[in-house]
Every structure is written in structure tokens, then in C-alpha cells.
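Quick note on the numbering used here: the sequence shown kicks off at 2 and runs consecutively.
Even for Gly, the Cβ is constructed at its ideal location relative to N, Cα and C.
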Amino acid sequence: MSARHGHAMVHTATLVGTHAVGVEVQVDVGAGLPTFVIVGLGDTAVMEARERVRAAIRSAGFEFPGARVVVNLAPSPLRKHGTGFDLPIATGILVATRQIHPRVIDGALVVGELSLTGEVREITGLLAHALAARDSSLELVAPLHEPLLGAVPGLSYRPVSTLGGLARAESVDSRRVSYSVAAAAVRQPDFSEVTGHELAKAALEIAAAGDHNVLMMGPPGSGKTMLARRLAPLLPPLEPDERLESAIVHSVAGLDETGPLAGVRPFRAPHHTSSVAGLVGGGSPPRPGEVSLSHGGVLFLDELPEFGSASLQSLRQPLEDGHVTLVRAEGRIRYPARFALVGAANPCPCGHLGDSAKACTCPAHLVKQYRSRIGGPLMDRIDIHLRVDRIDPERISRGEMGESSNAVRERVLEARDRATRSYGTTPGRLSGAALVAACKLDEPAHSLLGMLARTHELSGRGVTRLMRLSRTIADLECSQRVRDGHILRALSLREQVE
């Protein structure tokens, strides 16, 4: 076939954080030696698209032009990542050489990876691309993924499975995606399976009702992990906007989005060897970390003192702000990161300080050094400090059943609803004048709070945390005001591991 010269432009997008930013794939096929050049600040995966595209075009029954092919990815200063440029580049070449009609890509945002045989494969961050297409009033042309794309209301979507199928689908109308993702029947851990630990259960109920962070300290085998896994089921299902946010983060990370889309709150439990980038995000290209994958759910850090100091201190900003900001040469990237932190730790290096079953062998200075690894600033951001002791084996062997998670969840939902109606959010999200107004401290409670702040040398953040915790306890007790009894109970939940 004689070389056909021409131009084409295809809309696509590249990931920047959890957003897909529009990119133009500009294709020029002209006279010159047969070359295939891609310019526009693409990463290695983008540069490797040349071989995939060449093979896919031939496998689909088309001819790759024996001419000079130049592909420009605009805007040039924006870094482009991933294999999602394969399909728009191939489509642009076919349009430029008049092997398919331009109307195939008119008003469309095209994205997808190509195999050497011309099959269209799913890419990382497809949900973000779907939102970009909808917000730009473009039809999404992408690999088939109905459950995921059904979560984007108002999306016009044309699924493709092969390059040849796209090229021959000139008369296919877009179809409106109107179905929803059904909740999966996943069995959640239940409080009724936990024997004893009444105080810890009550503390987790408070944590769920007010969005508070928790540290559990106790000997190995005392039930810390078992309790932590039962916090997320106490929380209400994700709201529609939370579902989409959480699902986008999972999509960008290349993980399954089904759980968040079905309203299931995430539960993440990274190993204590996790790096700073693994926890808060990073890498090249940047990817969300565990704090963002926990968005809307629970982040459980077992063996908390064993985490690196830099890793633990990196949690401070997301705990305070509810998001992570990564600064890179190409700009700032923000990931959502509003989660409940649950930490678990042994009380000492040997793990048996205060253990009724085995004596501790650790000198006092080693115990102090071990606990100091967590760091004061992080401890200040954890509202509830729990001591979790072993349960008598006889109680376990008798098969004692506790209160079910459903019963506890009802109280949690009532308290959260009461708080939202009264002051717009849960106590764990309040600060400043809004927190003071929500607490409605009477004079005895105000005096008690001031005295406790002095005698316990509480920082300003510590006082705020105490007030938030007191407000949640008052909500669970259906009290409009925070009274001194609520403050004393809140203080007891912060002092158990001192």
C-alpha cells in the first residue's frame, strides 16, 4: 500500500494524583524515512507503546504506514504515564492514514492498553478517566468494565475489546450507563465473637461514633488485632461521594474497586516494614499509599513501635488534614486520606509488662525507650489509649457470647446522626469555635477541664482531643451538654497506657 499522509487528533488523559488530566494525541503521518517517534514527556511505558501499537495495528488487519510517523502528546510540559496511550495512538494513526473514518473518535476520550494481537486491555485509573470524560462532555471509549463504570452517573460509554472492533464500530451509538454496583455478601467480623474485653468494646463503640483514633496496648495474644478488625463493621456504609473517592484511589493504585463501590469501608493493615512512600504515597510515577487506600475506613498498624520513625511521623499531616500532599518537580499531588487510625503495640520489648501469665524481664529504661518510638506528636493525635489484657481461658472455653455488632452499630448510627443534625459532623472532625459551641460546657465542666489540663500537662491539641472524646460520649448518652462525668470518662480512655 502506498503511504497515506495525513493528520489526526485524539482526546485521552493521563493520571495526576487521583485525577485524569486531558491530553491531546496529535498524529502526523508524512513523507520521509519510515520512522515512528513519540514526543511529549512520556515515561518508559509510553515510549514502549511504539512496538505494541505497530504489532496491534497489523494484527487487527490494518497496515502500519511506511512513512514518517510523529506522535505528539500535548501539553508537552505535563508528564504522561502508563500504557493507556496505546489505543489513542493506534486510533490516531489509523485515522491519519484514512483506514478508519474520523467520526469513530469524534467527541470521544479514548484510553486503553493494546496487546500485540490487538486486544484492548484495562488500565490503571480507569475510573478517573471516566470522570474526566464525563466532566468534559466526551464519550468514553475504553475496555469493558461495566460494574466499575456504572458507578459514574451520566457517563456516555462505548466499550471496546479489540482494536479492530473499535475501528469497525462507526455506527455504534453511545449507551447511557445507569446500573449500580450491588453490595457483595461479605461476612464481616462480629463483636459477638469476642469474649470479654467489655471496656475495649465500649471504647471502640465511642471511636466509631465520633471518628476517633485508637491505640491498644497489651501482651501478645490478648486480642488487639481481633478487636481492631471489628471497628470498620460498626461504621455506616460509605456515602455515595465517599464510595467514588475511595474507589478512585483503589483504581489509581491498580486494586479492586468493588468493595468501596458497594459501600464497604476499607480495612488496611500494612506490615511494620512499610516505607514512608508505602504509607503516605510516592514513587515514580506517584501512587497512593496505605493512608489513602484507607480513606473512609480503618488503617490498622500492628506492632506500632516497630514502624520506622519517619514512617510514623509521616502520618501526622494526614491525621490532621484528611489528605496527603506530595510535592514533585512537576507539581503538587493530593490524595484523600481521612481514616480512623488503630494502632496496636506490646507494652514493652518482651511484651509481658503487666501480663498476668508471664513476668516482664525488661528494665524500666528500655520500656520507656520502646514506647518513645511512637513519638509524642503522634500520641497526641490518638484520642483513645487502651490497655488490652488477656482474657481468662475458662471464659473462652465456655463460649461466652457478647453483644452483636448490629446492636452496637445501631447506637453508633444514632449518635452519629444526632451529632450531624446538631453540629454538622462527628465530634472527631470538630475544632476551634465549632467544638466549643458543640460541647456547651457548663461551669463545673469548664473548671474541671481547666484543672485537668494543668495537672496532666495537656497540650492544646490534647485538650481538643479530650473535648472531642467527651462530646462523643455525651452523644452516646443523648446529652445535649458535655458534663464533668463525660470529661472524666474521656480522660480515663486517654490514660490507660500511661
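Assignment of beta-bridge partners to residue 80 by DSSP yields no partner. Under the criterion of beta carbons closer than 8 Å, residue 207 and residue 477 qualify as touching, at roughly 7 Å.
Contact check between the stretch 392 to 412 and the stretch 364 to 379: fewer than three CB pairs, one atom from each, fall below 8 Å, which does not count as touching. Within the stretch 278 to 317, the runs of alpha helix (DSSP H) at least 4 residues long that lie entirely inside it are, in chain order, 291 to 294 and 310 to 314. Three or more Cβ pairs closer than 8 Å define a contact, and the stretch 138 to 146 meets that threshold against the stretch 154 to 164.
Between the alpha carbons of residue 63 and residue 43 lies a gap of roughly 26 Å. Boundaries of the beta strand (DSSP E) harbouring residue 334: 332 to 337, taken from the DSSP string. Cβ contact annotation for residue 103 (same chain, cutoff 6 Å, sequence separation greater than five): 96, in chain order. Between residue 288 and residue 254, the gap from beta carbon to beta carbon is short of 8 Å.
Segment contact: the stretch 234 to 249 against the stretch 452 to 468, fewer than three CB-CB distances shorter than 8 Å; contact not assigned. Shortest Cα-Cα distance from residue 354 to any of 378, 391 and 424 involves 391. At the C-beta level, residue 335 and residue 328 stay beyond 8 Å of one another. In the three-state reduction of the DSSP assignment, residue 402 falls in the coil class, being assigned neither a helical nor a strand state.
DSSP lists no beta-bridge partner residue for residue 443. Residue 383 is bridged by DSSP to nothing; it lacks a bridge partner. When only Cα atoms are considered, residue 462 and residue 215 end up about 16 Å apart. Distance between residue 55 and residue 374, taken at the CA atoms: about 55 Å. With a cut-off of 8 Å on Cβ pairs, the stretch 106 to 114 is in contact with the stretch 83 to 90, counting three or more such pairs. Bridge pairing for residue 36: 69 [DSSP].
Residue environment for residue 117: exposed (fewer than 16 other C-beta atoms within 10 angstroms of its C-beta).
Judged by pairs of C-beta atoms under 8 Å, the stretch 469 to 488 touches the stretch 409 to 418, as three or more such pairs exist. Note on geometry: alpha-carbon atoms of residue 152 and residue 67 lie some 43 Å from one another.
Contact between residue 79 and residue 28 is ruled out by a C-beta separation of about 18 Å, above the 8 Å threshold. Cα atoms of residue 223 and residue 189: separation of roughly 21 Å, rounded to the nearest angstrom.
According to DSSP, residue 29 shares a beta bridge with 8 and 71. Closest option to residue 342, judged by alpha-carbon separation, among 421, 316 and 357: 316. Excluding the 5 residues flanking it on each side, residue 71 has same chain C-beta neighbours closer than 6 Å at 29 and 38, in chain order. Sequence-distant Cβ neighbours of residue 484 in its own chain, meaning closer than 6 Å and more than five residues away, are 446. Following the DSSP letters along the chain, one finds residue 326 inside the beta strand (DSSP E) bounded by residues 324 to 329. Contact between the stretch 463 to 473 and the stretch 381 to 389 is present: three or more C-beta pairs spanning the two stretches fall below 8 Å. As DSSP reads the structure, residue 109 sits in a beta bridge with 140.
DSSP, reduced to helix, strand and coil, places residue 366 within a helical segment of the structure shown. For the stretch 188 to 234, the continuous alpha helix (DSSP H) assignments of 4+ residues that do not extend past its boundaries occur at 199 to 211 and 225 to 229, in sequence order. One thing to note: residue 41 has its Cβ within 8 Å of the Cβ of residue 81.
Residue state for residue 467 is assigned as helix, using DSSP reduced to three classes.
In this structure residue 291 is buried. Its beta-carbon is surrounded by 16 or more other beta-carbon atoms within 10 angstroms.
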